[in-house]
Amino acid sequence: PSVTSQSPLIIINAYPGKLIPIRGWPINHYIDLIKRLLNLNPELNVVLIGLSTATNYNGEIVSRVVNKRCIDLSGKTDSPKDLVSLLSLAKLLISNDGGPVHFASLIDLHSVVLFGPETPALYSPIGSANTVLYSSFSCSPCISAFNHRNTPCSDNKCLQAISVEQVYSAVISAYQDVSKFDLKSKT
10 PSVTSQSPLI IINAYPGKLI PIRGWPINHY IDLIKRLLNL NPELNVVLIG LSTATNYNGE
70 IVSRVVNKRC IDLSGKTDSP KDLVSLLSLA KLLISNDGGP VHFASLIDLH SVVLFGPETP
130 ALYSPIGSAN TVLYSSFSCS PCISAFNHRN TPCSDNKCLQ AISVEQVYSA VISAYQDVSK
190 FDLKSKT
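Numbering-wise, the sequence shown is residues 10 to 196 according to the numbering used here.
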């Protein structure tokens with residue numbers, strides 16, 4: 010498959026990074042979500058992005074989704090210019106709290122952003138083209154400038170509590186609001 014402006018495209022920034030892995034939504038949740046989205050529309054492509062350090066993580070997702078329309082572009086969007094160029098082709102971005110959501114907000118691309126150990130009150134992208142999912146546990150935020158982004162938490166229940174169904178519903182709602190292309194299959 011090729012990524013073009015003609016194909017409906019959802020971009021996913023799944024890899025939380027090696028410095029603060031606690032910021033990651035469970036990999037199995039991403040796999041289930043991608044399978045559900047790809048089953049909705051035979052024309053939809055899902056592209057995983059990240060620095061080259063995301064290659065193994067995203068590769069595992071691609072190998073378990075087992076669909077040629079799930080494409081790994083880890084290491085291919087390292088420059089802001091390349092990232093923004095790819096984002097400009099997308100209908101939607103799904104991401105952990107991280108840099109790509111802020112770039113997406115600059116081009117008014119709707120993002121579904123998953124927050125857990127950090128607070129959306131401080132780090133949410135600017136603008137209204139985003140849907141923030143945050144479980145608001147009493148222990149969150151556990152990552153902050155006050156603790157030098159060094160959390161004692163080793164089990165991110167705050168992100169685990171965000172279900173695949175919640176993200177799927179947010180994606181469907183946002184996608185239909187921002188796109189002329191109906192995500193649901195016509196068959």
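Note that beta-carbon positions come from the ideal geometry of N, C-alpha and C, so glycine has one too. None of these values were measured; they are calculated from a predicted model.
Original post:
Under 7 angstroms between the Cβ atoms of Leu168 and Gly125?
Top reply: In the sequence shown, the residue the question calls residue 168 occupies position 159. In the sequence shown, the residue the question calls residue 125 occupies position 116. Cβ atoms of Leu168 and Gly125: closer than 7 angstroms.
**OP:** Would you kindly work out how many angstroms separate the C-alpha atoms of Val122 and Leu142, rounded to a whole number?
**Re:** In the sequence shown, residue 122 corresponds to position 113, counting from 1. In the sequence shown, residue 142 corresponds to position 133, counting from 1. In a straight line, the C-alpha of Val122 is about 6 angstroms away from that of Leu142.
Subject >> CA nearest to the CA of Ile171, picked from Asn65, Ser104, Asp117 and Leu118 >> reply: Translated into the one-based positions of the sequence shown, residue 171 becomes position 162. Considering only alpha carbons, the answer is Ser104.
**OP:** Note down the Cα distance separating Gln185 from Lys100, rounded to an integer number of angstroms.
**Re:** Translated into the one-based positions of the sequence shown, residue 185 becomes position 176. Translated into the one-based positions of the sequence shown, residue 100 becomes position 91. C-alpha separation (whole angstroms): 10 angstroms.
Subject >> Endpoints, alpha helix (DSSP H) assigned at Leu168 >> reply: Residue 168 sits at position 159 when you count from the first residue of the sequence shown. Segment Lys166 to Gln169, the alpha helix (DSSP H) holding Leu168.
Original post:
Exposed or buried, Leu42, counting other C-beta atoms within 10 Å across all chains shown (16 or more means buried)?
Top reply: Indexing the sequence shown from 1 puts residue 42 at position 33. Classification for Leu42: buried.
Subject >> Contact between the stretch 80 to 89 and the stretch 55 to 64 (3+ Cβ pairs under 8 angstroms) >> reply: yes
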